[in-house]
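Numbering (the working numbering), first residue to last: 8 to 103.
For glycine and all other residues, C-beta sits at the position ideal for the given N, C-alpha and C.
Remember, predicted model here, so these are calculated numbers, not experimental data.
Reading through the structure tokens given below for one structure.
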């Protein structure tokens with residue numbers, strides 16, 4: 008029963024011409040990892056967004072390593088957490 012089920016779910020492999028692409032680590036659209044250095048405070052009309060300072064990690068983005076940004080994060084977050092950022096150019100406005 009189980010082997011027939013799984014054999015019907017197997018996906019075909021990619022043609023050889025498409026198998027020699029660059030690994031995901033070299034993809035410019037791959038998420039960049041950044042570690043939360045400091046929680047700066049809450050923002051938003053109801054305080055549902057937390058403003059944090061993050062520093063990019065060397066492993067996923069050597070060109071951004073050591074650079075820090077201020078970002079807005081929705082949901083629970085604390086110092087030391089690691090964020091996967093899809094966009095690394097914009098910086099959040101500072102809290103007033």
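Leaving aside the five residues before and after residue i along the sequence, list all residues of the same chain whose C-beta is less than 8 Å from its C-beta, in chain order.
{"i": "residue 32", "result": "In this prediction, residue 32 scores a pLDDT of 48, lower than 50, which makes its location untrustworthy; no coordinate-derived value is stated."}
{"i": "residue 81", "result": "55, 56 and 57"}
Tell me the rounded alpha-carbon separation between residue i and residue j.
{"i": "residue 55", "j": "residue 95", "result": "22 Å"}
{"i": "residue 58", "j": "residue 72", "result": "21 Å"}
{"i": "residue 134", "j": "residue 69", "result": "With the chain covering only 8 through 103, there is no way to say anything about residue 134."}
{"i": "residue 99", "j": "residue 60", "result": "10 Å"}
{"i": "residue 86", "j": "residue 42", "result": "8 Å"}
{"i": "residue 65", "j": "residue 35", "result": "15 Å"}
{"i": "residue 97", "j": "residue 74", "result": "13 Å"}
Residue i and residue j look like a contact to me (Cβ under 8 Å); what is the Cβ gap, rounded to whole Å?
{"i": "residue 6", "j": "residue 92", "result": "Here the chain covers residues 8 to 103 and nothing more, so residue 6 does not appear."}
{"i": "residue 40", "j": "residue 89", "result": "6 Å"}
Considering only the alpha carbon of each residue, which of the options lies closest to residue i?
{"i": "residue 102", "options": "52, 82, 88 and 87", "result": "52"}
{"i": "residue 49", "options": "88, 84 and 89", "result": "84"}
In terms of DSSP beta bridges, what is residue i paired with?
{"i": "residue 48", "result": "58"}
{"i": "residue 79", "result": "58"}
{"i": "residue 91", "result": "40"}
If you drop the 5 nearest sequence neighbours on each side, which residues of the same chain put their C-beta closer than 6 Å to that of residue i?
{"i": "residue 79", "result": "56, 58 and 99"}
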